[in-house]
Structure formats: structure tokens, C-alpha cells
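*Asks:* The numbering of the sequence shown is UniProt numbering, which starts it at 283 and goes up by one.
Using N, Cα and C, we set each Cβ at its ideal position, and we do this for glycine too.
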Amino acid sequence: QEYTGIKLKVIEWSEKAKSAVVSLEHLFSGKSIFLVAATLRPETMFGQTNCFVGTEITYGLFKINETDIFLCTKRAARNMAFQGYSNERGVVTQIAEIKGADLIGTKVKAPLSKYEDVYVLPMENVLPTKGTGVVTSVPSDSPDDFATLQDLKKKPEYYNINPAWANFEPIPIINTSTYGNLAAPTVCQQKKINSQKDRVQLAEAKELVYKEGFYNGTMIYGDYKGRTVQEAKPLIKDLLISTGQGFVYKEPENLVMSRSG
Ligand code: ZZB
283 QEYTGIKLKV
293 IEWSEKAKSA
303 VVSLEHLFSG
313 KSIFLVAATL
323 RPETMFGQTN
333 CFVGTEITYG
343 LFKINETDIF
353 LCTKRAARNM
363 AFQGYSNERG
373 VVTQIAEIKG
383 ADLIGTKVKA
393 PLSKYEDVYV
403 LPMENVLPTK
413 GTGVVTSVPS
423 DSPDDFATLQ
433 DLKKKPEYYN
443 INPAWANFEP
453 IPIINTSTYG
463 NLAAPTVCQQ
473 KKINSQKDRV
483 QLAEAKELVY
493 KEGFYNGTMI
503 YGDYKGRTVQ
513 EAKPLIKDLL
523 ISTGQGFVYK
533 EPENLVMSRS
543 G
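(1) Does at least one heavy atom of the ligand ZZB sit under 7 Å from the Cβ of Val469?
(2) Heavy atom of the ligand ZZB less than 7 Å from the Cβ of Gly415, yes or no?
(3) Since Thr340 sits in a beta bridge, which residues does DSSP pair it with?
(4) In angstroms, rounded to a whole number, what distance separates the CA positions of Gly543 and Lys356?
(5) Distance check for Asp427 and Met327, CA to CA, integer angstroms please.
(6) Our contact map puts Pro404 next to Ile386 with C-beta atoms below 8 Å; I'd like the distance itself, whole angstroms only.
(7) If you reduce the DSSP assignment to three classes, tell me which class Ser542 lands in.
(8) Please report whether the beta-carbon of Phe328 lies at a distance below 8 Å from any beta-carbon of chain C.
(9) Look at Lys289 and Val318 and say whether their C-beta atoms are less than 8 Å apart.
(10) Hey, could you find the ends of the beta strand (DSSP E) Ile402 is sitting in?
(11) Return the residue from the list Lys532, Ala378, Ser296, Phe496 that minimises the CA-CA distance to Thr388.
(12) State buried or exposed for Ser368, treating a residue as buried only when at least 16 other CB atoms are found within 10 Å of its CB.
(13) Quick one, are the C-beta atoms of Cys354 and Gly415 less than 8 Å apart?
Following this line, the structure appears as C-alpha cells:
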């Protein structure tokens, strides 16, 4: 499976993350720290509204080179080290460990997003065994992301978040004749999906939205407005890579598990 790694730069740590990393600050000087998400949909990056982590997942901070520190699972950092993203091939340099729960509320800059800064929020179904364990959220075109963001908006106390962190609307970025310009909200409504816990309906919704967007979608936002999704996808991937905001990240096929189970 070939993903695009998306670098979401840490602008301000959450209070808990701040105290977890305060003793390491000397290691950060002159470097940027990025939460790294793995996506199959680089053309949707204009619509990012937040970033998701699993609260129970253990993440690491990894020194990648003289300028970048990546935050992702150790498993992903190891894969990256074999793909040229480390000082020495195959060698992982871990600076610290941090629990997903402690990252909630961290402010990040999501590349290409219409929103200047977005927040790290909790999602129940993030798989530690897939991608980087960090998921970038595009509620306009991902039913899982839309359902989860709705949960967070409806019950901020239950999820222990500041409501302002979830106060971002889905952005219309792709149009299809079947689902209009907000495919994920449309399909979630049609299928009466009420929460991120509706796993079976969400898996069906994801399949429908994937297919419709890929075969019949047109970009209505961003640098390649007017192009089909199939045309725009590689162009936006190249744009992310050439500007240093993304990179190719591969995962051995047999290790890939689907989010739905
Ligand atoms: C942004 C995005 C925008 C995504 C969209 C999807 C969609 P698949 O097909 O099952 O392999 N993802 C990545 N890592 C994880 C993880 N560890 N746990 C849970 N979900 C993860 O799914 C690949 C997608 O699953 C990735 O692409 C990522 O979300 C998520 F508009 O990134 B995507 C209709 C889907 N739309």
C-alpha cells in the first residue's frame, strides 16, 4: 500500500504534552515537530478540519534529520527508517514516548487546509497497526471523520475536549452528481449514521464515497479546481512532496488492516 505521509506541524502543544516534553526542549531547538498522518486521498487535504489520534495508543517522537522530528507510532518510524527517512538507513532515533490522550488539544498546521490551524482530537477506531497511527480528518469526504467530528461536537464533555477544538465545518472540495459537494455528510445522513460506533454502515458509506469521488468527482477547491479527482490526485501529491509538506510512505501489503476490522 502506498500512502502519502502528511506533515502536520506542531504550533502549540496541549497542556499535558507541554509538561511531557518540557525536559526535552533543548533537543527541539532549530527543529520543527510534525504529527505525521498517512493518507490515500492527498487531493482532499484542502478540507482538513483536525487531526485524529487514538487516546490509548503510544506514540514516539523520532529524530528524522537535522530539521525534522516526527510524531507517529514506532512501527511507522521503523518502516520510514528503511525508506530513507532517518539519518542512518534502518536506524530509528526515538527521543520520547507520548500517550495519544496527552496530545488532545495540540494545535497543528495542516498543509493546504483552508483552516490556518487545526487541533488534535480523539477517535475511537484509530488502528495502531495501520499507517502512522495518526489520521488527518476530512469530514467532507470521509464518513468516519464526519461521524467522529459530529460525536465530538455533540458531546465535548464526554470526550473531554474544549468545544472550540471541534468547531470547524466540513469544506466543500469535491463535487459529484450523486452526492453533491459534501459527499460524506450526505451519505451519513442517507444511511442514518449517528456516531463513529456505527461501524457496519460506516464501512459501506466509506466504500460508496471512495468510489464516487474517485470515478466521478471534480475538484471545486484549490490549485486544481475544475480537474477531475483522478487528474488532480497525482498532481496534488506531487505538490505536497515538492513543497516538503508530504512524502511517499509505503507499507507492506500483508500488514495493512482495514479500519473497519
Ligand atoms: C484522509 C482521507 C480523506 C482519507 C478522505 C479517506 C477519505 P483504507 O482504504 O481502509 O486503507 N487511516 C489512515 N491510517 C489509519 C489508522 N491507523 N486508523 C484508522 N484510519 C486510518 O483507508 C485509508 C484511509 O484510512 C486513510 O485515508 C486515512 O483517512 C485513514 F476523504 O486520509 B484518509 C472515503 C474515504 N475518504
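*Replies:* To lay it out plainly:
(1) No; taking the cut-off as 7 Å, the Cβ of Val469 has no heavy atom of the ligand ZZB nearer than that.
(2) Checking every heavy atom of the ligand ZZB against the Cβ of Gly415, one is found closer than 7 Å.
(3) Answer is Lys381.
(4) Residue confidence for Gly543 is low, a pLDDT of 40 falling below 50, so the modelled location carries little weight; the figure read from the coordinates is stated next. Computed Cα separation, rounded: 21 Å.
(5) Rounded to the nearest angstrom, the two C-alpha atoms are 13 Å apart.
(6) Separation of the CB atoms of Pro404 and Ile386 is rounded to 6 Å, and the pair is thereby assigned contact status at 8 Å.
(7) Residue placement at Ser542 is flagged as unreliable, the pLDDT there being 47, under the threshold of 50; the coordinate-derived value follows with that caveat. Taken through DSSP and simplified to helix, strand or coil, Ser542 comes out as coil.
(8) The chain inventory of the structure shown lacks chain C, comprising one protein chain alone.
(9) Yes.
(10) Looking at the sequence shown, residue 402 is not Ile but Val. Its beta strand (DSSP E) spans residues 400 to 404.
(11) Per the Cα distances, Ser296.
(12) Its Cβ being crowded by 16 or more others within 10 Å, Ser368 is buried.
(13) Against a cut-off of 8 Å, the Cβ pair of Gly415 and Cys354 comes out as a contact.
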